[in-house]
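Q: Here it is, the structure in full.
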Amino acid sequence: MQPRPLALKILDFASVIVLGIATYLALVFAPTEAVMGQVQRVFYFHIGTAWVGLLGFILAAAAGIAYLVTKDMRWDRFEVAAVEVSTVFFFITIVLGSIWARPAWNTWWTWDPRLTTAAITELIYIAYFMLRQGIDDPEKRARFGAVYTLLGGVSAPITFMVIRLFRSIHPIVIGAANGTQEKMNMTSDMRIAFFFGLFAFTVIFIDMMWHRIRLGALEEKVEQLKLTVSM
Amino acid sequence: MIEVKKLVKRFGLKTILRGLDFSVEPGEFVALLGPNGAGKTTFLRILATLSRPSLGAVMVAGYQLPNQAAQVRAKLGVVSHMPLLYPDLTAEENLRFYGRMYGIGNMEERITEVLEMVGLENRRKDLIRTFSRGMQQRLAIGRAVIHDPEVMLFDEPYTGLDQDASEMLDEVLRSVAAEGRTVVMTSHDLARAEELATRFDILSRGVITASATQKELKKTNLLAFYKQALVD
Amino acid sequence: MMANNSESKKKKVESGKRKAESLHPSFFKATLAIIQKDLSAEFRSFELISAMLVFSLLVIIIFNFALELDIKVRQSVTSGVLWTTFAFAGTLGLNRSMSVEKDRGCMDGLLLAPVDRSVIYFGKAISNLIFMLIVEGIVLPVYSVLYNVNLFRFDLLGVILLGSIGYAAVGTLLSTMSAQTRTREVLLPILLFPVAMPVLLASVKASNGLLAGADFTEVLTPINLLIVYDVIFIAIAFMVFDFVVEE
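Chains as they are written, first to last, in numbering that gives the first Met the number 0: chain L, 0 to 230; chain S, 0 to 231; chain A, 0 to 246.
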């Protein structure tokens, strides 16, 4: 087995460091928000994970198109990596959102467009994995996976737009959603924690993507070795 | 009529066909023999445009695959071990449907003609679901020749047929499907292949390992030739 | 087309015994052939439509008791009940329609025809849409009678048509995929529902508005989104269908 490349080792190290700094900034450095109190600190990680989750989702759809055009299996590995990493980050986003929502909106869950779209995106991902699971031929698996990420990537934004229409019949959510808008008036220290959070999670995202793509390549190598042995 | 050079087909990491060379002259009837998993069906599906070659050049009826697949399909008739017929349509409706998909003219005339050829004209208004397996397979041959193709591909046409039905099918294959056409057939049944084909190719581990015409075989029998080819 | 025609005619003269004139059928004619084939098979057995229909009625009965559909509740949930019913019955029909092609290898028969792959997609999608519309056309009056509401209004029928088009467009593509997996029938709703979410939600939103007496202009936004979805997904399905049938 090849050892981890040096750049990846450095990135691993950097990921831990930036996560530590981001944690410090969010939990200690940033001032306590006046209305929301301590729980608002969740927000810095919530946005960070949401951003990379979204990034992974878009990258997966793009990789799907790239695979269909080039038929290069590397794009398939990239796509799987993006979907897997993004699934985890979206899940964290939803959990953090719930933790925040409990004191803020007095409920663990609201059918807010963002929250709901994130949940539906998770379901698209689960369906994606089930689809891949049911196909034996790797090339067909890649093709169908690519088509499905493409469909998911196009339908999710439309879902978001449609769900926004429903808010008009949920007045409580409107009030709460307006609260979110107000909260954007951040102090400069908050802004530092906010943007550093985005940066930190982007670094972590790249690191995990790299690991997952590498794992995919190694998996393929194992399959190849198995075949040569069985010949 | 068929010209295949260095054909490679991979499913993921598994290589099924490994640089296969194959050619068929117009009017030849080639039986493709070989053990299970040798890639016979995969190869036939590539010739039938249902599967894309991973590498290599494939020419069928003067057209390049996979780029000119539509032109190839118009000149190709395929009979597989599945009938490819709709159980809730009558014999005549099935033929009419496929006739329309091939855009043939003089439709009704042609349907009658095909039904007569495969000996099912008195069952033309019956649903396929009431047909025996042998009758379905005969109609499947009718379906495959509805557009009068130049090249016929048979993929294990005898699967699931008893002795009598196989003999009837033999007759139809010979008189209807093979007459004046170029044929490639895969089969397990050496005896039937021996009677029908003019040339025998052995496909093993993704390449053609041996080939002999009927005349050459006169000295030895097909079984001995087949065994010898697999040993080599 | 002309070239092919004369070519095959020449061949006919040459060989004498070759009688069938084979020429590539037009896109429209071949699509129509698939639709007519599906319809005549279905109108003989009624397997698919009767299954969808009985299932729809059962769902409505269950909803009746599960939601206690009294007059007040009914007004707000009618469109939700209808669309849930259509969606569930729709997957039933989509699965059946594709397994007819898959079980006896007929899909290969379609793929062997000298026509563009998209002919197969549009043929199957339009057949599926027709089956859905037939079922909806029966469920709507039944629901109207059962609950004494008039669902036969042109604006509402328009919304139902738009929603069904989007659902059948994506559903046909995904059922072609799911039929080729190990889990087959089970997988279709799981693949289809999250991707078809905008269709279902926008249809519910628009139908709800119309049933509550809103003017057509008030529900223009969900209707526009439906149209956008329909156009985008028909285009995508048209482009990617090749990839889900090739090997």
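Glycine residues also receive a C-beta, built at the ideal position from the N, C-alpha and C atoms.
None of these values were measured; they are calculated from a predicted model.
Please confirm whether T77/A has its beta-carbon closer than 8 Å to some beta-carbon of chain L.
A: Not closer than 8 Å to any Cβ of chain L, the Cβ of T77/A fails to qualify, so no.
Q: Cα separation between A60/L and L150/L?
A: Answer to the nearest angstrom: the Cα atoms are 8 Å apart.
Q: Indicate whether V51/L and T201/L have their beta-carbon atoms separated by less than 8 Å.
A: The answer is yes: Cβ separation under 8 Å.
Q: What are the start and end residues of the alpha helix (DSSP H) that includes E235/S?
A: The shown model of chain S, from 0 to 231, leaves out residue 235/S, and the question about it has no answer.
Q: Going by C-alpha distance, which of M189/L, G96/L, Q1/L is nearest A21/L?
A: When each option's Cα is compared against that of A21/L, the closest is M189/L.
Q: Assuming V206/S and V29/S are in contact, meaning their beta carbons sit under 8 Å apart, how far apart are those beta carbons, in whole angstroms?
A: About 15 Å separates the two Cβ atoms, so there is no contact after all.
Q: Do F87/A and A168/A count as a contact pair if the criterion is CB distance below 8 Å?
A: No, they are not a contact pair.
Q: Need the endpoints of the alpha helix (DSSP H) that M100/S sits in, please.
A: 90–100 is the extent of the alpha helix (DSSP H) around M100/S.
Q: Can you list the residues of chain S that L214/L reaches, using a CB-CB cut of under 9 Å?
A: Within chain S, no residue comes near L214/L; the closest Cβ sits about 17 Å away, beyond 9 Å.
Q: Just checking: is the beta-carbon of D136/L within a distance shorter than 8 Å of some beta-carbon in chain S?
A: So, interface residue.
Q: Counting only Cβ-Cβ distances shorter than 8 Å, please list the residues of the stretch 83–111 of chain A near chain S, keeping chain order.
A: Here the close residues are V99, R103, G104, C105, D107, G108, L109, L110, L111.
Q: Give me, in chain order, the residues of the same chain whose beta-carbon lies closer than 6 Å to that of L24/L; leave out the 5 immediate sequence neighbours on both sides.
A: Hits under 6 Å: A192, F195.
Q: Mind checking which residues open and close the beta strand (DSSP E) that includes A56/S?
A: Here the beta strand (DSSP E) through A56/S covers 54–59.
Q: Among the residues of its own chain, which have a CB less than 7 Å from the CB of I212/L, if the five just before and after it don't count?
A: Cβ neighbours of I212/L beyond the five flanking positions: R76, F77, A80.
Q: Ends of the alpha helix (DSSP H) at M97/A?
A: Run containing M97/A: 70–102, per the alpha helix (DSSP H) assignment.
Q: Taking DSSP as the reference, what is the three-state secondary structure of S203/S?
A: Strand.
Q: Output the distance between the C-alpha atoms of A60/S and I1/S, rounded to the nearest integer angstrom.
A: Spanning the two alpha carbons is a distance of roughly 6 Å.
Q: Taking E222/L as the query, report the chain S residues whose CB atoms sit under 7 Å from its CB, ordered along the chain.
A: Going along chain S in sequence order, the residues near E222/L (Cβ under 7 Å) are L12.
Q: Which residues in chain A sit within 7 Å of D87/S, going by Cβ to Cβ distance?
A: The contacting residues are A40, R43, S44.
Q: Rounded to whole angstroms, what's the CA-CA distance from Q213/S to T129/S? Just pull it up for me.
A: So the alpha carbons of these two residues sit roughly 39 Å apart.
Q: Any idea what DSSP makes of S174/A, helix, strand or coil?
A: Helix, per DSSP.
Q: Quick one, which of P221/A, Q179/A, D154/A has its alpha-carbon nearest L210/A's?
A: When each option's Cα is compared against that of L210/A, the closest is D154/A.
Q: For T180/A, return the contacting residues in chain L, with the cut-off set at a CB-CB distance below 7 Å.
A: Residues of chain L passing the Cβ test: L130, G133, I134.
Q: Suppose the cutoff is 6 Å on Cβ atoms and the five residues either side in sequence are ignored; what does the same chain contact list for F62/A look like?
A: Result list for F62/A: V80, in chain order.
Q: For the putative contact between V153/L and I235/A, defined by C-beta atoms under 8 Å, what is the C-beta separation to the nearest angstrom?
A: Yes, they are in contact, since the Cβ atoms of V153/L and I235/A sit about 6 Å apart, within 8 Å.
Q: Per DSSP, which one or two residues make a beta bridge with Q63/S?
A: Paired residue(s): M58/S.
Q: Label Q223/L either buried or exposed according to how many other C-beta atoms from any shown protein chain fall within 10 Å of its C-beta, with 16 as the threshold for buried.
A: Answer is exposed; the Cβ neighbour count stays below 16.
Q: So which residues of chain S does L226/L contact, with C-beta pairs closer than 7 Å?
A: Result: L12, K13.
Q: Kindly list, in the order they appear in chain S, the residues whose Cβ is closer than 8 Å to that of K36/A.
A: Y85, L88, E92, F96, listed in chain order.
Q: DSSP three-state label for T182/A, please.
A: T182/A falls in the coil class under three-state DSSP.
Q: Indicate the three-state DSSP secondary structure (helix, strand or coil) for L32/S in the structure shown.
A: Of the three classes helix, strand and coil, the one that applies to L32/S here is strand, per DSSP.
Q: Within 8 Å, do at least three Cβ pairs link the stretch 101–119 of chain A to the stretch 192–200 of chain A?
A: Taking 8 Å as the limit for Cβ pairs, the verdict is that the stretch 101–119 of chain A does not touch the stretch 192–200 of chain A.
Q: Name, please, each residue of chain S whose Cβ falls closer than 7 Å to the Cβ of A32/A.
A: Per Cβ cutoff of 7 Å: F96, R99, M100.
Q: Taking the continuous beta strand (DSSP E) assigned at D154/S, which residues delimit it?
A: Start and end: 150–154.
Q: Would you tell me roughly how many angstroms separate the C-alpha atoms of L222/S and A196/S, rounded to the nearest one?
A: Cα to Cα, the separation comes out at about 14 Å.
Q: So, using beta-carbon positions, are T120/L and F89/L closer together than 8 Å?
A: Yes, the Cβ-Cβ distance between T120/L and F89/L is below 8 Å.
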